[in-house]
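What follows is a set of notes on a single structure, which appears directly below.
Chains as they are written, first to last, in the working numbering: chain A, 380 to 767; chain B, 2 to 396.
See below:
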């Protein structure tokens, strides 16, 4: 009889087992919007860091929201008390299948809540419970990050947008403001504006200075397809070593947002007797923040953080489009998927074109072209330059 | 075996006829009444503190009001604190310590902003101020130390933490330790002996035993819920490994004296409390409760009952358990027999649950954000919703 009862209960358990996981937006009553994303640069007194997740703004009427975990079932693994941290509670959870029988390979972390459920206990597993009831938020947003595995260490943060439920409507293209030509710090070249015939590009050309370093600043206007004459044109001579830094950002639902583009890439278009060839050089992609904890804080590999181009939170962000010196000592390989260096000093004499692509997670893409003439001889051979 | 039976019989003889009766001696929402009661009974209960201050949020993140009370419960002063333009301002009050912690940060810099801390005393006078950051990965930042000893602040670049008194004096430094964790909103993973001489800090899986601000030993395993005896002689760590809960007991030198493994599997972390004479350790893991002989680690009894341990009470005659969700306080004798039950009258609350389909279901439950503390024969409860202390006395 006992055996029958055991078999019966096993069959019932199997029939009703739900080893799938259901995912949710963490603030169900609120708008599905974010104001920051993975990779956004966060300089701090100690230490600087890439933003490890998404920031969800809270209701601005009474500033109160319920906060739920993104999976139905979860185990609480860490609670850092709000205390005097100046940022509110931190709660880290391990995700489970709906029926809690299967521990999933990931977890999530929630930051800034002013209150959490008083009976939330470390080590306990919950189904369908909220972690904070009608809480206010320090700095008026909820930070959420998605981790695989779920440990608190910064070496395993995944872009939350890989979960469809966390993808937000993003119809706005990334913004490309300026391309900066470094010709005296990591570069070594003479750079000047290239006006030719009746075409003048003065309005797109300028300098930016600071700390004794000058960059050429090229404005990146909205591109007109098939029209190269609205792009910046420059002449690179001398030792011809130029490196490029991009000023831009992504936005989500408002033009005042500041996030990191999901992907930035640099291509070179060159023409020869076989036609125009496109070569991919450098790609930054914010999929995850992998690497050892020591590597996590090498923001300077991705962002330009010295004068005059200082990336800062909420301010213009300056992305290096070349591997910088610390590449050798270890890149956060997580965000840089292609590290070929475009060496302008090795290019043939003549006209070249680079194209920059900035994509958000929704594949909204913004592009910009910059043309440059590499001069080795004493004069500019415009015929060579424009043979394409 | 005969000796054990004899011990149990003696134990039973001493306690079998113990009768407990709990009476409410104060229930109030008046600071004046509470403080005057504390003042009157301070000699008998030196651990009791008056209610010095209350903080009130006027505009979230921007404007706060602090009410300062003296030991008679009279309003000493009101202070309105406003954020600088473009800054966040948060005010935390340690009502029974008489300390106000003001944190200010530049909202433009958001999470990256260093935080300016200003500490004020029970009269609202600034004691000291400093600037500190918070690191999201390591958890380094500024925390409260247990028993109101002072502040803990850590630096992740140089990988150390400092222990500060409330007047800003640095009394200790701990290397390689950056954060303090909590088990719930009410319970930190840090604890100190009543005289504040000994302290256990725990965070990120490491437990550090500290005497007078100096580290004596540390352990990374086991990691769990902590308890320290009144004289600092013993430390217990409750840990869960593969759903088996074990209490580990260490001495002052960090040497393992005994461990006790609960028989049944459960989720959660075991917890324990010492009797003030160090003779007993009451331990729990889920529903399983056990009283251990703290010298030998031998279980005197093991039973299943509701609630979580608060403390031994009335000169170790009783053990108090609280079931926060049921709004009940249970008083057991040391034989493990229920002697009395107190119903805490903190009303109802809304509980929300989400279904797999995303439907949110609301139900009424008893309000569970209330606290329970024991001061010898006094049991004091208070509500997290509004200041509403109730003092019970075990006769």
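Glycine included, every Cβ here is placed at the ideal spot set by N, Cα and C.
Taking 8 Å as the cut-off, decide whether the C-beta atoms of residue i and residue j are in contact.
i                      : j                      : result
residue 500 of chain A : residue 308 of chain B : no
residue 108 of chain B : residue 89 of chain B  : yes
residue 279 of chain B : residue 235 of chain B : yes
residue 147 of chain B : residue 175 of chain B : no
residue 611 of chain A : residue 597 of chain A : yes
residue 572 of chain A : residue 581 of chain A : yes
residue 128 of chain B : residue 120 of chain B : yes
residue 27 of chain B  : residue 391 of chain B : yes
residue 494 of chain A : residue 514 of chain A : yes
residue 318 of chain B : residue 342 of chain B : no
residue 349 of chain B : residue 331 of chain B : no
residue 721 of chain A : residue 647 of chain A : yes
residue 685 of chain A : residue 661 of chain A : no
residue 549 of chain A : residue 631 of chain A : yes
residue 122 of chain B : residue 74 of chain B  : no
residue 774 of chain A : residue 486 of chain A : A question about residue 774 of chain A goes unanswered here, because the residues of chain A that appear run from 380 up to 767.
Which residues in chain A have a C-beta closer than 9 Å to the C-beta of residue i? List them in chain order.
i                      : result
residue 143 of chain B : 462, 463, 464 and 465
residue 325 of chain B : 497 and 498
residue 354 of chain B : 506, 507, 508 and 509
residue 182 of chain B : 457, 458, 459, 460 and 501
residue 84 of chain B  : Those do not exist, as residue 84 of chain B stays about 12 Å from chain A at its closest Cβ, beyond 9 Å.
residue 118 of chain B : 463 and 465
Which of the three DSSP states is assigned to residue i in this structure?
i                      : result
residue 35 of chain B  : helix
residue 598 of chain A : strand
residue 541 of chain A : helix
residue 518 of chain A : helix
residue 579 of chain A : coil
residue 436 of chain A : strand
residue 457 of chain A : strand
residue 723 of chain A : helix
residue 224 of chain B : coil
residue 63 of chain B  : coil
residue 241 of chain B : strand
residue 173 of chain B : strand
residue 233 of chain B : coil
residue 497 of chain A : coil
Whole angstroms is fine: what's the gap from residue i's alpha carbon to residue j's?
i                      : j                      : result
residue 389 of chain B : residue 372 of chain B : 11 Å
residue 707 of chain A : residue 285 of chain B : Confidence in residue 707 of chain A is poor, its pLDDT being 37 and thus under 50, which makes the residue's placement unreliable; the coordinate value appears in the next sentence. Rounded to the nearest angstrom, the two C-alpha atoms are 54 Å apart.
residue 255 of chain B : residue 23 of chain B  : 39 Å
residue 229 of chain B : residue 196 of chain B : 12 Å
residue 672 of chain A : residue 535 of chain A : Only weak support exists for where residue 672 of chain A lies, its pLDDT of 49 falling under 50; the value from the coordinates is given anyway. Their backbone Cα atoms lie some 9 Å apart in a straight line.
residue 71 of chain B  : residue 400 of chain A : 54 Å
residue 591 of chain A : residue 696 of chain A : 20 Å
residue 544 of chain A : residue 437 of chain A : 18 Å
residue 770 of chain A : residue 698 of chain A : Because chain A is modelled from 380 through 767, residue 770 of chain A falls outside the range shown and cannot be assessed.
residue 151 of chain B : residue 404 of chain A : 39 Å
residue 345 of chain B : residue 170 of chain B : 40 Å
residue 94 of chain B  : residue 145 of chain B : 11 Å
residue 180 of chain B : residue 583 of chain A : 50 Å
residue 219 of chain B : residue 101 of chain B : 31 Å
residue 599 of chain A : residue 131 of chain B : 44 Å
residue 161 of chain B : residue 155 of chain B : 6 Å
residue 749 of chain A : residue 729 of chain A : 14 Å
residue 555 of chain A : residue 112 of chain B : 25 Å
residue 627 of chain A : residue 689 of chain A : 12 Å
residue 104 of chain B : residue 492 of chain A : 16 Å
Closer than 7 Å by beta-carbon distance: list the chain A residues that pair up with residue i, in chain order.
i                      : result
residue 110 of chain B : 692
residue 94 of chain B  : What residue 94 of chain B touches in chain A: nothing, since even the nearest Cβ is about 12 Å away.
residue 268 of chain B : 502, 503 and 504
residue 189 of chain B : 460
residue 370 of chain B : 497
Counting only Cβ pairs nearer than 9 Å, list the residues of chain B close to residue i.
i                      : result
residue 515 of chain A : 58, 61 and 62
residue 649 of chain A : Within 9 Å Cβ-Cβ: nothing; residue 649 of chain A doesn't reach chain B, min ~41 Å.
residue 490 of chain A : 112 and 137
Counting only Cβ pairs nearer than 8 Å, list the residues of chain A close to residue i.
i                     : result
residue 89 of chain B : 517 and 518
At a CB-CB cut-off below 8 Å, which residues of chain B make contact with residue i?
i                      : result
residue 403 of chain A : 355 and 359
Name the DSSP beta bridge partners of residue i, please?
i                      : result
residue 284 of chain B : B:273 and B:291
residue 85 of chain B  : DSSP output for residue 85 of chain B lists no bridge partner at all.
For a contact defined as C-beta to C-beta under 7 Å, what are the partners of residue i on chain B?
i                      : result
residue 421 of chain A : 112 and 113
- Residues of the stretch 227-244 of chain B whose Cβ lies closer than 7 Å to any Cβ of chain D, in chain order: Although the question refers to chain D, the structure presented lacks it and instead comprises the protein chains A and B.
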